[in-house]
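Below you'll find the structure, written out as structure tokens, and then a few comments.
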Amino acid sequence: MLKLAWRNLTNEPTRMAISVTGIALALVLILVIAGIFAGSEEFAVAYIKNEPAPIWLMQSGVSNMHMSSSYIAPELITEAEQIVGVKDITGVLYSGGNLESGEDSILGYIIGVDPQAEIGGPWKLVEGRQNPERDEIVIDAELAKRLGVELGDNLSLYDQDHEIIGLSRGNFGIGSSLAFVNKQTLSEWMAVQPDAASFALVRPEVGFDVDGLAARMQSELPDLNVMQQAEFAASDKELIRQMGVDIIRAMNIIAYIVGLLVIGLTIYTATLERAREYGMLKALGANNARLAIVVLGQALISAALGILLGVGVAYGVATLITKVSPDMLILIDPAYVLNQVPIMAVVTGLAALLPASRIANLDPAIAFKA
Amino acid sequence: MTVPIARRNAFFQKGKLVLSVSSIGASLAMILLLMGFREGLYSALTAYVDNLDVDLVATQSGNEGVVSANSVLPGDIHTELEELAGAREAGHIAVAGVIFTVDEDKSPIVLVGYEPDSGLGDPWNLGEGGYLEQDNEILLDTWLAQRSRIRIGDTVEVLGREFEVVGLTRGTASWMAPYAFVTLPAAQEALGLVDSVSYHLLRLNDGANLDAAKEAIETQYPNVKAIQPDQIADTDRRAIAAVMDRPINVLLFVAVIIGVAVMALTSYTSIMDRLREYGLLKAVGAKPLRLNVVVLQESLLNSFLGLIIGVALAYSSAALIMAQWPQFNVTILPDSVWKIAVLGLIMTLLAAILPIRRLDRIDVLDVFKA
């Protein structure tokens, strides 16, 4: 029966190719949208993951960096520095802003770093230096390309020109672009004291247990939220994931409906074409269940080929887009791909219902008509 | 008398017609929904500014958005700004992006601190409950409250401070960041804005010269920009578009290719079904151009019917999506429908290439085969 299903499908290779392509593209849509959010998650936590600070301090009630606001008064940082086990604390300021060059503008997060600080700035510098003084800025090399600027050029931020003194890597993502400026300058812009911070990066003394230190800091600093690096990164990832879950679900439903209709149209048409042959099989004693298996077989073969093609195209699209537009990282999770298989199987089964019922109502006498 | 071959071909098999037209409709609906999602996202984001009902907003120079920027201005220039502008009413607000967390659920929100007595900057549509009276009260968006299972009278935490929910607003939902409202002093305290605000709001006298008011303010305070609310909305839209347009365009591109594939499948299937008949027409002298026109006519008819279904499906799906997921504002503009119609026409022409080429290769001798 499966051989018959295969023959029916491949009888018209062009139609089969178009149909498989349609199914594949529906799957590409599903995988790409999920991949965009997965990529956004990675970019959103790049700063937290790459800074060498096992413990992070932030305002009480804050547990995210992305799309968030936090304020730590200078005296709290001073208090934190006195805690036994703390080697040093680096405070950074964090705000949003538009990086402008001519008519081009990119919304990003602006991080104010102390030029003397060892950490808190860009973790991968490809050109120039990374300690911005007043009216200086470090941006991602890909962002510079997008804005058409180079080292030594000026970028406008908050209506002030900033000279690009360094180009970094890994800071340019959709909705997560980072730029580094002088902390003193940013504090003036944000109307806070220069020693205040949005987030503080804590490095423990060598050999000190990080878990114990974090717990102790939390109990001694009730006005702050103390988070370990992995926990902080996970919190931001979870935020992005929760933002994406409903939109992914909505798009998936639409894409599955399209996939269902494409499979249904293909199989239904193939069934109509072979009406006489099915009638002949019925006349020879094949029951409806066996013929339904043929129909289902065609649907499953189309779906399987569509899935294989779709996965391949999705990975290809993801690679191509990320190459052309590095800020749009599309990460396709193999586990997520596997999760789509049972759903596609159900969709395929549904798509086969109409053609199967057509065959069930077929009069075997059709085999003998002229 | 000419025979309407295209129409007869299309309507001969009702089941196939329904599937074909539904597939095309679903593909076009998918494109319309993506466009509607993009449009709705921007209008939801700028809802607060669009409903501000003031003539001028004084903002920090270089920070001319609400959602996309972090403006900070001294609070004590309020009276002077009012005098310079010749305003009859003035108020100020504090605005910042924060993360609203309830149990494990996280939502980015735009927190607005306004002065309840001023009548400026307050929510424009209170669905349930009352307005703010105390500093420990908060107004939440209705969708956000439902999602977090919060009711009026409940206590929530924002930036480490507790607030009692006294009202639920409408028109403030957004997938990216719904709005929440507290009093200005509460926002200043939570955000660490000592004697600072984000924006000054000005209502001028009837017939006042807007440009003169702007110039007076900006001359006196070079770091202040006096702009109209629609300019702020425009800045926000452009900033978010720079982030969101590219991933949405990737999805739109894939959706368009799906649509072309579905249309090609429909047209090709129709040709293959009628291969002998077309061969017969060729045998009795029909020119290739005439046959191509028939194919095009049938494709256009299917696409036209698909467009009608697609538009209806898009509007009803948009209503369903917004009912199920109120944080999504799917706005399908009449302009988008026209664009889809034109796009559908182009897609139909592209999709007809393959079937037309197949038609050109028909051997008239096929007509006489058993």
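If you're matching them up, the sequences are chains Z and H in order.
Using the numbering used here, read the first sequence as starting at 107 and increasing by one per residue.
Using the numbering used here, read the second sequence as starting at 158 and increasing by one per residue.
Backbone N, C-alpha and C fix where the C-beta goes; we use that ideal spot for every residue, glycine too.
- Contact annotation: the region 183 to 199 of chain H touches the region 479 to 499 of chain H, with at least three C-beta pairs closer than 8 Å.
- For K496 of chain H, the closest of H:V413, H:M429 and H:I519 by C-alpha to C-alpha distance is H:V413.
- Rounded to the nearest whole angstrom, the CA to CA distance from N114 of chain Z to V419 of chain H is 20 Å.
- Under the 8 Å criterion on CB atoms, D265 of chain Z is classed as interfacial with respect to chain H.
- Proximity of K171 of chain H to chain Z, defined by a Cβ-Cβ separation below 8 Å, is not satisfied.
- For M429 of chain H, the chain Z residues whose Cβ falls inside 7 Å of its Cβ are E118 and R121, in order along the chain.
- Under DSSP, D368 of chain H forms no beta bridge with any residue.
- Among the residues facing chain Z, L408 of chain H is included, as its CB has a counterpart in that chain under 8 Å away.
- In the structure shown, the three-state DSSP call for K382 of chain H is strand.
- Straight across, the Cα-Cα distance linking S493 of chain H with R382 of chain Z is about 45 Å.
- Here R195 of chain H is buried: its Cβ has 16 or more other Cβ atoms, across all protein chains shown, within 10 Å.
- Ranking Z:N445, Z:L366, Z:N237 and Z:L435 by CA distance to the CA of S408 of chain Z puts Z:L366 first.
- The C-beta of G218 of chain Z comes no closer than 8 Å to any C-beta of chain H.
- Contact check for R275 of chain Z and K230 of chain Z: beta-carbon distance about 4 Å, within the 8 Å limit, so the pair qualifies.
- Residue nearest to F143 of chain Z within the set Z:V452, Z:D433 and Z:G455 is Z:D433 (criterion: CA-CA distance).
- Within the region 172 to 226 of chain H, the complete beta strand (DSSP E) segments at least 3 residues long are 213 to 217, listed from N- to C-terminus.
- For F410 of chain H, the secondary structure class from DSSP, reduced to helix, strand or coil, is helix.
- Residue burial annotation: K263 of chain H is buried, with at least 16 other C-beta atoms found within 10 angstroms of its C-beta.
- Within the region 203 to 227 of chain H, those residues whose Cβ lies closer than 8 Å to any Cβ of chain Z are, in chain order, Q217, S218, G219, N220, G222, S225, A226 and N227.
- For the set Z:T127, Z:T116 and Z:V138, the Cα lying nearest the Cα of A420 of chain Z is the one of Z:V138.
- Against P265 of chain H, the close residues of chain Z are N170, H172, M173, S174, L345 and M349, in the order they occur along the chain (beta-carbon pairs closer than 9 Å).
- Here DSSP, grouped into helix, strand and coil, assigns F278 of chain Z to coil.
- Burial is judged here by how many other beta carbons sit within 10 angstroms of a residue's own beta carbon; P342 of chain H has fewer than 16 and is exposed.
- By the C-beta density criterion, S331 of chain H is buried, having at least 16 other C-beta atoms within 10 angstroms.
- Spatial neighbours of L409 of chain H in its own chain (CB-CB distance under 6 Å, excluding positions within 5 residues in sequence) are listed in chain order as L191.
- Chain order gives the chain Z residues near R318 of chain H as G167, where near means a beta carbon separation below 8 Å.
- Within chain Z, the residues placing a beta-carbon under 8 Å from that of A396 of chain H are N204, S211 and L213, ordered along the chain.
- Under DSSP, L213 of chain Z takes part in a beta bridge, and its partners are Z:N204.
- G272 of chain Z is positioned such that its CB atom lies closer than 8 Å to that of P228 of chain Z.
- Between the region 310 to 323 of chain Z and the region 166 to 179 of chain Z there are fewer than three inter-stretch CB-CB distances shorter than 8 Å, so the stretches are not counted as touching.
- Here G254 of chain Z is exposed, its C-beta having fewer than 16 other C-beta atoms within 10 Å.
- Taking C-alpha positions only, D260 of chain H is separated from L345 of chain Z by approximately 13 Å.
- At least one beta carbon of chain Z lies nearer than 8 Å to the beta carbon of E314 of chain H.
- Judged by pairs of C-beta atoms under 8 Å, the region 319 to 328 of chain H touches the region 296 to 310 of chain H, as three or more such pairs exist.
- Between the alpha carbons of S427 of chain H and V441 of chain H lies a gap of roughly 21 Å.
- Under the three-state reduction of DSSP, H235 of chain H is assigned to helix.
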